[in-house]
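Going by our numbering, the sequence shown runs without a break in its numbering and finishes at 131. Ideal Cβ placement from N, Cα and C applies to all residues, glycine included. Values in this document were obtained by computation on a predicted structure and should not be read as measured data. Have a look at the structure below, then the notes.
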Amino acid sequence: MQTTQGMPAELLPQAQAALKWINETQAQTFELTGLVDYEQALAGNADQPFEFGLVLCDGEICAREQVRFQPVAGGYEFSLAEQAQRDIPCLLDPPEGARQAWLAGELQKHEFVVLLFYRGLW
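Okay, here's the thing in structure tokens:
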């Protein structure tokens, strides 16, 4: 599992709870690998709703989920926040196996294929 070093300690309990909620509702086994756009959550009132992005990975598949946190007695309620359409989709890799089939098809058409992987745009 990735270390939570570098993530704000004040938001880790909320982020871990949101991770558990996402894994349970989506039947996934994501691990928390980063937080995105969390500055307003740190600066805001703890009794008010807030949101920030979770960078989640499961093996080679990584995704960014924008989660809304609603404070309730004894914890939080979670929901996925509405996001504007992005040029780069939140899913950072194709579904497992899709790349292998695509690559096999391309190698039948060409002598070689150059693959470039860039993961910096979450």
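Cβ pair residue i, residue j closer than 7 angstroms
i: Asp56; j: Thr38; result: no
i: Gln23; j: Phe78; result: yes
i: Glu115; j: Val122; result: yes
i: Ala72; j: Phe61; result: no
Residues that DSSP places opposite residue i in a beta bridge
i: Gly43; result: Val64
i: Arg73; result: Val64
i: Phe59; result: Phe78
Inter-residue CB distance, residue i and residue j (contact presumed, cutoff 8 angstroms)
i: Pro75; j: Ala90; result: A small correction: the amino acid at residue 75 is Gln; Pro does not occupy that position in the sequence shown. Going by Cβ atoms, the distance from Gln75 to Ala90 rounds to 4 angstroms, so yes, they are a contact pair.
i: Leu20; j: Leu41; result: Not confirmed; about 11 angstroms, so no contact.
i: Tyr47; j: Pro17; result: 6 angstroms
Residue i: first and last residue of the uninterrupted alpha helix (DSSP H) it sits in
i: Glu48; result: Glu48 to Ala52
i: Glu33; result: Leu21 to Gln35
Endpoints, the beta strand (DSSP E) within which residue i is located
i: Met86; result: The sequence given here has Glu at residue 86, not Met. Glu86 -> beta strand (DSSP E) spans Gly84 to Leu89.
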